[in-house]
Structures are given as C-alpha cells and as structure tokens.
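The sequence shown runs contiguously to residue 241 in the numbering used here.
Report on the following structure.
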Amino acid sequence: MPFTILPVSTDDAADLSQVMMRAFSRDPHWALLWSSMPLEDIITDNTNRLRRNIINGRDQKRHQKAVDPVTGEVVGPVDWLEAQVPEPNKEDREGFERNYSQYTVDGKIKGLNYEIMTALSPLLEDTEEEILKTAGPCLVLDYICTAPHYQDRGVGSDLVRSGIKVAEDAGLKCYVMSTPAGLRLCESHGFKRVKTIVQDDSKWGSVEPHVNYFLVREVSRPMNTESKPITSVELREIEK
2 MPFTILPVST DDAADLSQVM MRAFSRDPHW ALLWSSMPLE DIITDNTNRL
52 RRNIINGRDQ KRHQKAVDPV TGEVVGPVDW LEAQVPEPNK EDREGFERNY
102 SQYTVDGKIK GLNYEIMTAL SPLLEDTEEE ILKTAGPCLV LDYICTAPHY
152 QDRGVGSDLV RSGIKVAEDA GLKCYVMSTP AGLRLCESHG FKRVKTIVQD
202 DSKWGSVEPH VNYFLVREVS RPMNTESKPI TSVELREIEK
C-alpha cells in the first residue's frame, strides 16, 4: 500500500513526536542518551520544542510526513529540500519560542545526556564534514523514522524516494549518516557506504559498539544548471 507523502505543519508536532520518539527509543544507544527521563516525558517535551524547530530554517528544510491513506494516521517523518513550512503569524511564533524555552535549560534539552554527546559527536561531525567536502553539493538527509507498528510496510521507502526524486531532478548526490537500523533501507535505494565509524560507549552502560555508517548516493544525471541552484541542505536533528 503506498503511503501519502504530505508537507508538515506545526499542527503535526504532537503526532510527529509520538512517532519519532517511540521509533528512536528502540535504538539502545539513543535510549542511553535519555536514560534519566521517562519516554512519555520525552515525547511531551519534544512536542513543545518541535513547533519552533519546524518553522526555523524554512529556506532550507523540507519537513514531510507519511500518512496512512486509510486511517489518516501519521506513520513517519523525514526532512528533504524545498517544501516550505507555512510562515507562522507573530503570535504563533512567539508562542513557539516560549514553549521551546520552557522545555530547555540554558539552551540545552532537558534529560539529554550531554556527556555522551560530547564524547561521541566530534568524530562523527568531523567525518561528515570531510565526506561532504569530497562529495560536493549533496541533498543531506539527517533522519528518517517509522512508527514501530508500521515497520516493514514501505513507509521508509516512500519517504526516501520522495527525496531522491528531488535530488535527481536537481542533479544532486544524496548523503546520509545512518545507524545500523537504517542501513538496509538506505542501501536498497542506491546509497553506498563510504565510511564506517565504530565507537565504544560501554562506560555508559552500552553492551554493543556505537556504529554509524556514512553513505552517498550518486546522481544518475548531471546537475541542471538552468534550474535554481541547490547546495547541501542541513537537516539536523529536528527534536533539538
């Protein structure tokens, strides 16, 4: 069954948070980052931050959702390029900013283990920067997830294909940094591994290495120089 791919609005924040946080919580390394906070509290806090993040970076980010055409349920989000989130009015924007501030502490997300982030992130960020410099202009996918009860039903494939079409039309490569959970999906759509980073996070209780794959999908036709130029789009962790 094909899923309906639609643009996201701030009204979707609660549904998207439910899907994202429940999907991400199945990753033991993600769970370590949030071990001090119950999942329901994580979802509530993320909902209140998410509205502000949806409207930020509107010139670069495309927030999309996959919807079950029968039930209307939101079953997966992804970010790609060039679909604008509607501009909020001043009152809404100010409200989103207030909510964001209430669910952060000195600009940091409540409940997130920054010790782990500080230890693991620099190598990943440096590796990504190096790969993107070598690859040239890319459409960059930061994350994709599917509601747990919709796993293996084609949601992820529909979302990835929507972005690949944008990249192909623009003559761009695609890039993604993937966890093991997303590797099969990415490789099935033509992404090729260019580097693998394995880090040890056992000191925080992990029982398996922290693995990230860096993948690039080559474009099948050259860049269309007559269309509006597109460079790599930063799609960085929507829940932040």
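The beta carbon of each residue, even a glycine, is placed where N, CA and C say it ideally should be.
### Task
List the endpoints of the continuous beta strand (DSSP E) containing Asn-213.
211–218
### Message
If you follow the alpha helix (DSSP H) that Leu-266 is in, where does it begin and where does it stop?
### Response
Missing from the structure shown is residue 266; the chain here goes from 2 to 241 and no further.
#### Entry: Proximity test, Cβ basis, 8 angstroms: Lys-134 and chain C
This model lacks chain C altogether, as it is built from one protein chain only.
### Query
How far does the beta strand (DSSP E) with Val-199 in it reach, from first residue to last?
193–200
### Message
Alpha carbons only, please: which of Ser-102, Lys-193, Asp-202 and Glu-209 is nearest the one belonging to Val-220?
### Response
Lys-193
### 8 angstroms contact criterion, which Glu-103 and Asn-57 should meet: CB distance rounded
A small fix is needed here, since residue 103 is Gln in this sequence, not Glu. Contact flag wrong, Cβ pair sits at about 17 angstroms.
### Task
Look at the alpha carbon of Asp-143 and the alpha carbon of Glu-98, and state the distance between them as a whole number of angstroms.
23 angstroms
### Task
Within the same chain, show all residues whose beta-carbon is closer than 6 angstroms to that of Gln-200, passing over the 5 residues directly before and after it, in chain order.
Residues Leu-121 and His-211 of the same chain have their beta carbon placed closer than 6 angstroms to that of Gln-200, with the five preceding and five following residues left out of the count.
### Query
DSSP on Ser-179, reduced to helix/strand/coil?
strand
### Message
On the criterion of 16 or more Cβ atoms from any shown chain inside 10 Å, does Leu-124 qualify as buried, or is it exposed?
### Response
exposed
### Message
Are the CB atoms of Val-161 and Ala-67 within a distance shorter than 8 angstroms?
### Response
No.
### Query
If you count every other CB in all the chains shown that lies within 10 Å of the CB of Met-178, and 16 or more means buried, which is it?
buried
### Query
Which ranges does the alpha helix (DSSP H) cover as unbroken runs of at least 4 residues, wholly within the region 34–76, from first to last along the chain?
40–56
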